[in-house]
Amino acid sequence: MITYLEAIREAQAKALADDPRVYIYGQDVGQFGGAFKATKGLAKEYPGRVLDSPISEDAIIGSAIGAAIEGMRPIVEMQFADFSTVGFNQIVNQAATLHWRTQVPCPITIRLPSGGTAGAGPFHSQSMEALYAHYPGLIVMTPATVEDAYSMLLEAVAIDDPVIFCEHKYLYYHLKAEALPTEAVPTGKARIARQGRDATIVTYSAMLHEALACAEEMASECWEIEVIDLRSIKPLDTDTVLASVARTGRLLVVGEAWPWGGVTAEVIARVATEGFALLDTPPMRLNAKDTPVPYHPNLWGTHRPTAKTIAVALRELLSA
Amino acid sequence: MVQATAVLTASVDISDLKARFLAAYRWMLIARVVEEKIAALYRGGKITGGVFLGKGQEALSTATGMALRKGDVFAPLIRDQAGRLAFGESLLDCTRTYMGSRLGPMRGRDGNVHRGRPQEGLMAMISHLGAMLPVVAGALLARRFRGVEDTVGAVSLGDGATSTGAFHEGLNLAAVEKLPLVLVIANNQYAYSTPTSRQFACEDLVDKAIGYGVAGHSVDGTDLEACLDTLQRAVTAARNGGGPQLVIASLLRLVGHGEHDDAGYVDPKLRQSSLGADCLELAEQRILREQWATAKTLRDSQDEVQRQIEEAVATTLREPLPDPNTEDWCPLATRHLCEGGSEGR
């Protein structure tokens with residue numbers, strides 16, 4: 012069995028083995044192996060290519076951009092996605108604009124340990140994907156499975172553009188697969204994680220598993236719920252979403268991030284503008300509450316959507 | 004015989020300074036004249052957006068560009084027309100970017116001083132001050148990974164940028180990695196309208212070198228020879244493994260922040276002080292005093308520079324402008340991942 016976190020470590024090991032242009036840079040990623048051990052043992056296996064950085068997110072990202080200009084393919088780890096705001100300027104103004112301005116590609120992979128876990132609190136729990144997807148010039152991946160964590164990270168390193176790789180901390184240890192994948196769905200294609208005909212849930216990252224649990228529960232009441240895993244939110248596979256809505260006529264979009272201007276809003280905007288006639292009922296969405304992410308499990312468990320709250324929303328959608 | 008050799012050696016030394024000084028003077032002159040032309044075009048409505056001049060900073064900028072070699076890395080800032088030329092940027096890259104030519108390096112996608120050719124080591128600055136410092140550090144890190152030795156990266160910043168987080172993070176990272184990086188600070192006394200007294204509280208910016216564990220150099224930015232010597236020394240030290248070098252040059256910006264700014268906030272006493280001297284005029288006086296050239300030669304060379312610049316502008320004026328209908332609106336290198344159908348409708 013291999014965990015989601017081990018898959019991320021294995022993908023980085025393979026990237027280092029396959030391509031001498033790859034190096035890893037970030038806080039505590041060297042001998043210590045990273046705060047979550049996503050780079051465990053890599054500094055020893057690849058001497059001089061897995062480097063500890065100062066606590067300097069701006070300089071970590073900025074230096075990766077400079078190295079990419081010189082032909083390297085850096086993987087940088089932000090210790091927590093939340094801290095990427097300190098490097099935000101370099102990501103959205105430097106990395107995202109470089110190719111468009113100068114025709115020089117910027118192949119950097121920025122790993123963001125994302126999303127909430129119990130007890131992590133307001134500054135170790137954030138989901139930043141919508142923020143980065145907003146900026147032209149960035150690719151934003153949100154893998155929800157062990158297989159995707161592995162294959163999409165390898166694809167991220169190979170892509171000639173800056174990739175924001177949102178890996179969910181909640182999945183690190185709990186999510187397991189039999190083996191690493193030998194085939195991969197390309198980025199930009201969503202996946203139908205469960206087929207159904209009564210309603211479509213569109214989601215991504217850790218919320219996929221809440222949605223699947225909900226669909227399983229609803230199946231005992233004879234509801235057939237289709238669940239779509241977006242895999243990457245930029246590019247967003249609108250076609251697969253529309254095709255599903257064409258089959259089911261009902262849409263619920265679920266995201267762990269905050270609601271305002273986020274992924275759920277974007278999906279609904281696209282379906283409403285490009286496939287309004289496909290909808291039998293008004294679309295719905297479910298997000299985290301619009302407050303900072305709370306610390307205590309009692310609050311956190313209610314702050315984010317769960318299989319239970321998704322089911323409540325779904326029943327409302329199905330009865331409309 | 005001994006005497007003759009001594010005279011010869013002395014004359015070689017002098018002619019070396021003379022050659023360097025005259026070459027530097029020429030870059031300074033071209034920069035000054037092309038910027039005057041750009042300002043005239045701006046006033047005539049031929050340039051959209053801002054115009055930012057380097058008047059008063061040409062000696063420092065030229066010295067930076069000249070101390071570097073082809074293949075080094077240079078991240079110029081907004082007052083580095085002279086250094087860009089000395090590093091190898093063409094006049095056409097300047098006129099084309101200011102005038103929006105589709106044939107320029109930025110193809111109308113970015114303008115004025117926001118230009119470069121990163122694949123040739125000339126970084127294209129973004130507007131956020133200090134941001135290019137970590138980028139150059141990264142380029143040097145990459146060269147280390149690839150085993151490239153004998154290389155240097157120079158970054159130009161102003162006194163205002165020393166207050167940014169990127170300055171701190173970038174210089175600290177460069178120091179930790181002992182990178183061959185030269186950070187040139189033009190302390191031109193004002194960041195836009197803000198005087199240094201509202202920018203930092205240290206007595207002298209060069210003292211920051213101690214805190215970062217890097218070498219510090221101070222130089223009179225109005226004195227071309229001093230700038231040439233100091234920058235050469237700093238670049239050589241970095242090239243030879245001495246780690247990052249912080250150069251602080253004192254001078255005064257002799258124009259507004261941009262051409263839209265009359266710089267009415269500049270203290271008249273500063274203008275009268277030695278900081279307010281025009282480095283180009285001082286260089287000219289020095290050339291005449293040393294009899295390295297005659298007044299007539301200088302006038303001829305000014306005429307020739309003027310002709311070159313008129314030609315570059317005339318060429319640029321004939322060139323195609325960006326066309327929104329044929330523009331490629333994909334921001335990615337990976338074309339198939341562009342979101343074609345998602346324009347805000």
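In order, the protein sequence lines correspond to chains P and Z.
Count the first sequence with my numbering and you get residues 12 to 331, in order.
Count the second sequence with my numbering and you get residues 4 to 348, in order.
Glycine included, C-beta positions come from ideal geometry on N, C-alpha and C.
For isoleucine 121 of chain P, the enclosing beta strand (DSSP E) covers residues 120 to 125. Sequence-distant partners of glycine 103 of chain Z (beyond 5 residues in either direction) whose C-beta falls short of 6 Å from its own C-beta, in its chain, are Gly111, Leu324. Judged by DSSP in its simplified three-state form, aspartate 240 of chain P adopts strand. Close to arginine 35 of chain Z, with beta-carbon spacing below 8 Å, lies no residue of chain P; the smallest spacing is near 27 Å.
Just measuring C-alpha positions, the residue of Z/Ala22, Z/Glu39, Z/Val37, Z/Glu342 sitting nearest lysine 200 of chain P is Z/Glu342.
In this structure isoleucine 71 of chain P is in contact with valine 87 of chain P, their Cβ atoms being roughly 5 Å apart against a cut-off of 8 Å.
Arginine 84 of chain P sits in a strand when the DSSP states are folded into three classes. Closer than 7 Å at the C-beta level to chain P, one finds these residues of the region 124 to 136 of chain Z: Ala127, Ile129, His131, Ala134.
In the three-state DSSP reduction, glutamate 322 of chain Z falls in the coil class, being neither helix nor strand. For phenylalanine 77 of chain Z, the uninterrupted beta strand (DSSP E) segment begins and ends at 76 to 78.
Threonine 329 of chain Z sits away from valine 187 of chain Z, with the two beta carbons spaced by 9 Å or more.
Here aspartate 232 of chain Z carries a helix assignment [DSSP, helix/strand/coil]. In chain order, Val36 place their CB closer than 8 Å to the CB of glutamine 309 of chain Z, counting only its own chain and leaving out the 5 sequence neighbours on each side. Going by DSSP, leucine 143 of chain Z is part of the alpha helix (DSSP H) stretching over 135 to 148. Chain P places a beta carbon closer than 9 Å to that of glutamate 342 of chain Z, counting this residue as a contact. Look at glycine 279 of chain Z here: in three-state DSSP terms it is helix.
In the three-state reduction of the DSSP assignment, arginine 205 of chain P falls in the strand class. Under the Cβ distance rule, serine 95 of chain P does not count among the residues neighbouring chain Z, no pair being separated by less than 9 Å.
In this structure, the straight-line span from the alpha carbon of phenylalanine 203 of chain Z to that of leucine 164 of chain P is close to 43 Å. Just so you know, the alpha carbons of tyrosine 146 of chain P and alanine 107 of chain P end up roughly 7 Å apart. DSSP, reduced to helix, strand and coil, places glutamine 192 of chain Z outside both helices and strands of the structure shown, so it counts as coil. Taken through DSSP and simplified to helix, strand or coil, serine 159 of chain Z comes out as strand. One alpha carbon belongs to valine 139 of chain Z, the other to alanine 92 of chain P, and they sit about 25 Å apart. In the DSSP assignment, aspartate 63 of chain P falls within the unbroken beta strand (DSSP E) covering 61 to 63.
From the beta-carbon of aspartate 30 of chain P, no residue of chain Z is found nearer than 9 Å; the closest lies around 12 Å away.
Proximity of chain Z to proline 65 of chain P at the Cβ level (cut-off 8 Å) is accounted for by Glu172, Asn175, Leu176, Val179, in chain order. Fewer than three beta-carbon pairs drawn from the region 253 to 262 of chain P and the region 215 to 232 of chain P are found closer than 8 Å, and the two stretches are therefore not classed as touching.
Here the alpha carbons of threonine 251 of chain P and glutamate 237 of chain P stand approximately 12 Å from one another. For phenylalanine 148 of chain Z, the chain P residues whose C-beta falls within less than 7 Å of its own C-beta are Tyr34, Met83, listed in chain order. Listed along chain Z, the residues sitting closer than 9 Å to aspartate 171 of chain P by beta-carbon distance are Leu335, Ala336, Thr337. Burial check for valine 278 of chain P: the Cβ neighbour count within 10 Å reaches 16 or more, so the residue is buried.
Residue burial annotation: tryptophan 30 of chain Z is buried, with at least 16 other C-beta atoms found within 10 angstroms of its C-beta. By the C-beta density criterion, phenylalanine 90 of chain Z is buried, having at least 16 other C-beta atoms within 10 angstroms. The contact set of glycine 141 of chain Z on chain P, defined by CB atoms closer than 7 Å, consists of Gly73, Ser74, Ala75, Ile76, Gly77, Ala78 in chain order. In the structure shown, phenylalanine 170 of chain Z adopts helical secondary structure according to DSSP, grouped into three states. About 11 Å separates the Cβ atoms of glycine 73 of chain P and glycine 168 of chain Z, ruling out a contact at the 8 Å cut-off.
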